[in-house]
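Okay, structure first, notes after.
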Amino acid sequence: MIIGHVGVAFAAKSRWPRIPLNALLVATFAPDILRELLGALSLSPWEATLYSHALPWSALLAAFAGALAWVALRDRTAFIVVFGIVLSHVLLDLISGNKPLWYGGPRGIHLGMVEPVELIIETLIMLAGWYRLRRNAAPSWLKHWAVPALLVVVQMASVVGSISQRPYATRCLVSPMGTCSGSSLLTKSWETKPFW
Ligand SMILES: [Zn+2]
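In this text, residue positions in the sequence shown follow my numbering: the first is 381, and each later residue adds one.
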């Protein structure tokens, strides 16, 4: 999940305007940031995902991020908000991915396998947060329609990436809801080298 997490940060900013949006964005992506750091420390992708997205480590990360926000902003509410936002990442990832909630625990429903549906759900979450923020104390640049439009483009790029990469290279825009017959752009199978 990508822009769905941004929607959570937008919604939180509208509810708690004193917390900087930057801090909320870092909080909403904290498990992904930690996973990249652990990957850079040469942990395997599975270990990096486990120690960043699964309990109890994700809860420890949430508590650490919340404590940082509490100290930096001298605001106890910031601890609770940031703690909740970091954990919201783990819960939302259970919709899009199939990571375990804890080692050996229940796994996500992996909606990311149905890319068009995930695109719609993430767009709706993002728009819900953006509309809330737009009605409240949003900075003027954030009120521009180009912000959600750009976020949808980012998500669509991720969809293209996930369809075109192995082991899903035989998938197409309508998969798995339709068969990839190759007769149109919607049913054309892609295969590219990952560019990120
Ligand atoms: Zn994640």
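We treat Cβ as the ideally placed atom computed from N, Cα and C, and that holds for glycine. Remember, it's a predicted structure, so these values are computed and weren't measured experimentally.
Next on the checklist: Just to confirm the assignment, what range does the alpha helix (DSSP H) spanning residue 508 have?
Outcome noted: It spans 495–515 - the alpha helix (DSSP H) in which residue 508 sits, taken as one unbroken run.
Item to check | As assigned by DSSP and simplified to three states, the class of residue 525 | outcome: Here residue 525 sits in coil by DSSP.
Item to check | Three-state secondary structure (DSSP) of residue 467 | outcome: Helix, per DSSP.
Item to check | Nearest neighbour of residue 473, chosen from 412, 394, 396 [CA to CA] | outcome: Comparing Cα positions, the closest option is 412.
Checklist entry - Rounded C-beta distance between residue 390 and residue 512? I'm assuming under 8 Å. => result Rounded to the nearest angstrom, the Cβ distance from residue 390 to residue 512 is 7 Å, consistent with a contact under 8 Å.
Checklist entry - Does the beta carbon of residue 469 fall short of 8 Å from some heavy atom of ligand 1? => result Flag set: Cβ of residue 469 near ligand 1.
Next on the checklist: What residue range does the alpha helix (DSSP H) around residue 444 cover?
Outcome noted: Where residue 444 is concerned, the enclosing alpha helix (DSSP H) stretches over 437–453.
Checklist entry - Taking buried to mean at least 16 other C-beta atoms within 10 Å of its own C-beta, is residue 393 buried or exposed? => result Buried: at least 16 other Cβ atoms inside 10 Å.
Checklist entry - Would a C-beta distance cut-off of 9 Å place residue 532 and residue 383 closer than the cut-off? => result Going by C-beta atoms, residue 532 is nearer than 9 Å to residue 383.
Checklist entry - By DSSP, does residue 395 sit in helix, in strand, or in coil? => result Three-state DSSP puts residue 395 in a helix.
Item to check | CB of residue 441 within 9 Å of CB of residue 461, strictly | outcome: Cβ distance not < 9 Å, so residue 441 and residue 461 don't count as in contact.
Next on the checklist: For the alpha helix (DSSP H) containing residue 413, name the first residue and the last one.
Outcome noted: In the DSSP assignment, residue 413 falls within the alpha helix (DSSP H) that extends over 410–420.
Next on the checklist: Considering only their Cβ atoms, is the gap separating residue 492 from residue 381 smaller than 9 Å?
Outcome noted: Yes, they are a contact pair.
Checklist entry - With C-beta atoms as the reference, is residue 386 less than 9 Å away from residue 405? => result Cβ atoms of residue 386 and residue 405: closer than 9 Å.
Next on the checklist: Given a cut-off of 9 Å on the beta-carbon distance, is the pair residue 482 and residue 410 in contact?
Outcome noted: Not in contact: residue 482 and residue 410 (Cβ atoms no closer than 9 Å).
Checklist entry - Is it the case that the Cβ atoms of residue 429 and residue 479 are separated by a distance below 9 Å? => result In this structure, residue 479 lies closer than 9 Å to residue 429 by Cβ.
Next on the checklist: By the three-class DSSP mapping on this structure, what secondary structure does residue 551 have?
Outcome noted: Coil.
Next on the checklist: DSSP has residue 425 in a bridge; who is on the other side?
Outcome noted: Looking at the DSSP assignment, residue 425 forms no beta bridge with any residue, so it has no partner.
Checklist entry - Looking at C-beta atoms only, is the number of pairs between the segment 439–455 and the segment 489–505 that lie closer than 8 Å three or more? => result In short, these stretches do not touch, since the Cβ pair count stays below three.
Next on the checklist: Are the CB atoms of residue 498 and residue 468 within a distance shorter than 9 Å?
Outcome noted: No, the pair does not count as a contact, with Cβ atoms beyond the cut-off.
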